[in-house]
Each structure stands twice: as structure tokens, then as C-alpha cells.
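Peer 1: Using this note's numbering, the letters of the sequence shown map in sequence onto residues 21 to 260. Beta carbons: idealized from backbone N, C-alpha and C, even for Gly. To start, I am sharing the structure in question, which I have written as C-alpha cells.
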Amino acid sequence: MPPHRRLDAVVAMLAVASLVAGAVVIGDARAMYERFLYISELGAQYMHSAGQFQIGFGLVVAGILLVAVVVRDVRTRLPVLRRWAPAASLVVAGALFGFAAAVPCSPGCPTLLGPEAELRDWAHIVAAVLAFVAGCTAMLQFATADDRWVARLSIVAGLAVGIIAATGGLLSLAGGNTDVGSTLEFVAAGIGVLWLIAVTAVHARWSPRAATLAGRRHDAGAGARLQAPRSAAGCDRVLG
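Right, here's the structure in full:
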């Protein structure tokens with residue numbers, strides 16, 4: 021295995037470990053309460069779980085950014101979405117999630133349609149929604165990548181996260197059933213984390229195309245280094 025492939029494998033393991041650890045920490049924070057809570061409520065101002073939420077979400081964000089490093093060479097075939105790499109979409113999603121965690125909502129995380137909503141609530145919710153959009157965009161980009169089963173997994177995961185998250189978000193904005201809405205949000209987040217882990221593992225270790233491309237780049241680089249001295253020697257003979 022070339023050195024850069026070994027480095028990608030190490031980064032992939034760190035990404036998976038960070039995502040799993042973050043999910044466990046956030047899940048443990050939710051277990052502190054008997055009532056159903058949205059993810060954002062765990063980190064709301066003055067909540068006992070706020071500190072633990074910050075740690076868990078920080079680990080998840082770090083995992084997302086590490087995944088972006090691993091899949092940096094993946095490209096989509098779609099005319100519009102191929103203008104930027106899926107890794108860029110993941111970086112945007114991670115940055116927005118990090119902002120949402122750094123700017124927690126006010127106590128109770130009031131709906132934006134209510135009079136209790138503060139400026140920080142608008143900033144938090146808008147960032148979280150845009151982060152989900154960026155994550156779904158990355159899923160759709162992977163859905164049109166070269167690895168067939170990864171593409172199928174990505175399209176299913178992208179649609180599932182989009183539909184589930186949108187349903188939970190609408191229930192939240194409308195002040196509907198909190199139990200159902202919060203559960204849907206956790207399910208969508210769980211699917212997203214599992215998808216990231218699956219794509220990272222496959223691309224870093226078992227993707228034939230990734231290995232083939234890496235081998236071609238390695239061979240091309242070696243060939244170029246060998247060709248340069250030969251060309252120089254040929255020039256010397258001609259000049260001599």
C-alpha cells in the first residue's frame with residue numbers, strides 16, 4: 021500500500037472513532053432526561069447536558085471534516101453538482117453544524133414562529149437547517165459517484181435523511197408532537213452518521229477504483245521521475 025493510502029486509512033479510522041464517540045456522548049446526554057428532547061435542546065442555554073452536548077457535537081464535527089479528507093478525490097457525474105467536490109459539501113456541513121453548536125438556542129429552544137424566539141435562535145436554527153441541506157447535497161453527489169453500491173447507499177440515505185429531517189423540522193416549527201418530531205430528528209442524525217462511517221470505510225479500504233487510481237498516480241509519478249534522467253542523458257549525448 022502506498023504511503024498516502026496508509027495515511028488515508030489512519031485518517032479514516034480517526035474519523036470513524038470520532039463519529040462513534042460523538043454519537044455515544046450525545047446519546048448519553050439524551051438519556052439524562054425522561055422526556056423527549058430535540059438534539060438542539062440538549063445544548064440549549066442552562067441545560068445540564070449543555071457541556072456534554074458541546075463535546076459530543078464537537079467530536080461529530082471533527083469526524084465529518086476528517087471524512088472530507090478521506091473522500092477528497094471523489095467526484096460526481098451530475099452537470100451542476102460536479103462543479104465542486106462532495107468533500108466541499110461535507111466541509112460546509114461540518115462548519116455549519118459547528119456554528120450551530122457554538123451558538124446554542126435559548127432555554128427551551130422556542131420555535132421561530134413564536135414571540136419567545138431570540139436572535140440566537142434564528143442563527144442556530146438557520147445554521148442547522150443549512151447544514152442538513154449541505155449534508156444531503158453531499159449524499160446526492162456520492163449517489164452519482166462510480167462505486168455502484170456506495171452510490172445506491174448514498175441515494176437511499178440522502179432521501180431518508182431529507183424526508184425524515186424535513187418532517188421533524190416541520191413538526192418543530194408548527195409546534196406539533198414533540199415526541200415524534202424529536203425522535204425523527206435523532207433517526208435522521210443516526211442515518212447520517214452511519215452513512216458517513218460506511219462511505220469512509222469503503223472508500224479508504226475496499227474501494228477498487230480508489231486503489232486503482234492511487235496505483236496509476238503512483239506509477240505515473242515513478243515513470244516521470246525515471247523519464248527525467250533519461251531525457252537529460254539523451255540531451256547530453258546530442259549536445260556532445
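#1: Have a look at L179 and G71 and give me their C-alpha separation to the nearest angstrom.
#2: Return helix, strand or coil for S38, following the three-state DSSP convention.
#3: Rounded to a whole number of angstroms, what is the C-alpha to C-alpha distance between A122 and I145?
#4: Whole angstroms are fine: how far does the CA of A209 sit from the CA of F77?
#5: Got a sec, what are the start and stop residues for the alpha helix (DSSP H) A263 sits in?
#6: Do you know offhand how far A143's Cα is from H223's?
#7: For C156, report the span of its alpha helix (DSSP H) as first-last.
#8: Among the candidates L110, F152 and L160, whose CA atom is the shortest distance from the CA of L86?
#9: Near I217, what residues of its chain come up, given a Cβ to Cβ distance below 7 Å and the 5 sequence neighbours on each side ignored?
#10: Roughly how many whole angstroms lie between the Cα atoms of Y53 and V207?
#11: Which whole-angstrom value is the C-beta distance of R95 and R102, which I expect to be below 8 Å?
#12: Assuming E61 is part of the alpha helix (DSSP H), what are its boundary residues?
#13: Express the C-alpha separation of Q74 and L173 in angstroms, rounding to a whole number.
#14: Contact between the segment 121-138 and the segment 160-167: three or more CB pairs below 8 Å?
Peer 2: On the basis of the data shown:
#1: Position 159 of the sequence shown, counted from the first residue, corresponds to residue 179. Position 51 of the sequence shown, counted from the first residue, corresponds to residue 71. So the two alpha carbons sit approximately 32 Å from each other.
#2: On the sequence shown, residue 38 is found 18 positions in, with the first residue counted as 1. It is helical.
#3: Against the sequence shown, residue 122 aligns to sequence position 102. Against the sequence shown, residue 145 aligns to sequence position 125. One Cα belongs to A122, the other to I145, and the distance between them is close to 12 Å.
#4: The residue labelled residue 77 in the question sits at position 57 within the sequence shown. The residue labelled residue 209 in the question sits at position 189 within the sequence shown. Rounded to whole angstroms, F77 to A209 spans 11 Å at the Cα level.
#5: Any property of residue 263 remains undetermined from this structure, which presents the chain solely from 21 to 260.
#6: Looking up residue 143 in the sequence shown gives position 123. Looking up residue 223 in the sequence shown gives position 203. When rounded, the distance between both Cα atoms is 34 Å.
#7: Residue 156 sits at position 136 when you count from the first residue of the sequence shown. Secondary structure note for C156: its alpha helix (DSSP H) is the uninterrupted segment L139 to A163.
#8: Residue 86 sits at position 66 when you count from the first residue of the sequence shown. The candidate whose alpha carbon is nearest that of L86 is L110.
#9: Position 197 of the sequence shown holds residue 217. For I217, where only same-chain residues beyond five positions count, the Cβ hits under 7 Å are V36 and L39.
#10: Numbered from its first residue, the sequence shown carries residue 53 at position 33. Numbered from its first residue, the sequence shown carries residue 207 at position 187. Computed Cα separation, rounded: 18 Å.
#11: For the purposes of this step, residue 95 is taken as the residue at position 75 of the sequence shown. For the purposes of this step, residue 102 is taken as the residue at position 82 of the sequence shown. With a beta-carbon spacing of about 6 Å, R95 and R102 fall inside the 8 Å limit used to define contacts.
#12: Indexing the sequence shown from 1 puts residue 61 at position 41. Its alpha helix (DSSP H) spans residues I59 to L62.
#13: As a position in the sequence shown, residue 173 is number 153, starting the count at 1. As a position in the sequence shown, residue 74 is number 54, starting the count at 1. Pairing L173 with Q74, the inter-Cα distance amounts to about 29 Å.
#14: At 8 Å Cβ cutoff, the stretches do not touch.
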